[in-house]
Amino acid sequence: AAVIAPAVDPTAGIETRSSMLRQSIAAALGQGQLRNEPIHIIAHSMGGLDSRRMITKGSSFEVNGKEITIQTLATIGTPHRGSPIADLVALKFLDKVPFLADAVKEPEAALRRILGHFRISLDGLHDLTSESADHFNATNPNQTSVNYLSFAGGGRTGLIPTSNFF
14 AAVIAPAVDP TAGIETRSSM LRQSIAAALG QGQLRNEPIH IIAHSMGGLD SRRMITKGSS
74 FEVNGKEITI QTLATIGTPH RGSPIADLVA LKFLDKVPFL ADAVKEPEAA LRRILGHFRI
134 SLDGLHDLTS ESADHFNATN PNQTSVNYLS FAGGGRTGLI PTSNFF
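Residue numbering for the sequence shown follows our numbering, beginning at 14 and increasing consecutively.
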């Protein structure tokens, strides 16, 4: 099998990342790195959402007059229903941190400006909230021509179990 590992912006939103993913796959097809066979995508974490968005916009690529289709999307640990950590940010927890709330009028806006200097975006984090996931799922339906698989772990058990929280 021919394999590529596309790199996308680690903090951008799903829309930007899905476009970057499509460009990477199209470039690999155009350069002959991939055979003109159906494409099988294995995506981890937010990459699963990026892939779902990309497939919703088009589940095939045209290469030299031939249509190459995406046959399978397997997601591993993808937050299809959102992330509790992202929800914490959306609840404006930064506004409730005493030293931040007192020192900065709008902590999240300040954080966005600071991170912007390092080309780090909060868009991806906001796309992972439960509310955004509900909207995403409603507007990005599965394509009948693609086989979808989803794999997730059960979380940690023991002294500090995470499975119930996550």
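Just so you know, even glycine gets a beta-carbon here, dropped at the ideal spot from N, CA and C.
Of the candidates G61, L141, T152 and T88, the residue whose Cα lies closest to the Cα of F164 is T88. In the assembly as shown, L86 is a buried residue. Its beta-carbon has 16 or more other beta-carbons within 10 Å.
The beta-carbon distance between N155 and R66, rounded to whole angstroms, is 12 Å. This is too long to meet the 8 Å contact definition. According to the DSSP assignment, N150 belongs to the alpha helix (DSSP H) that extends over S143 to T152.
Around the beta carbon of L42, 16 or more other beta carbons sit within 10 angstroms, so the residue counts as buried. A distance below 7 Å separates the beta carbons of L47 and A15. S31 is classed as buried because its beta carbon has at least 16 other beta carbons within 10 Å across all chains shown. In the three-state reduction of the DSSP assignment, V21 falls in the coil class, being assigned neither a helical nor a strand state.
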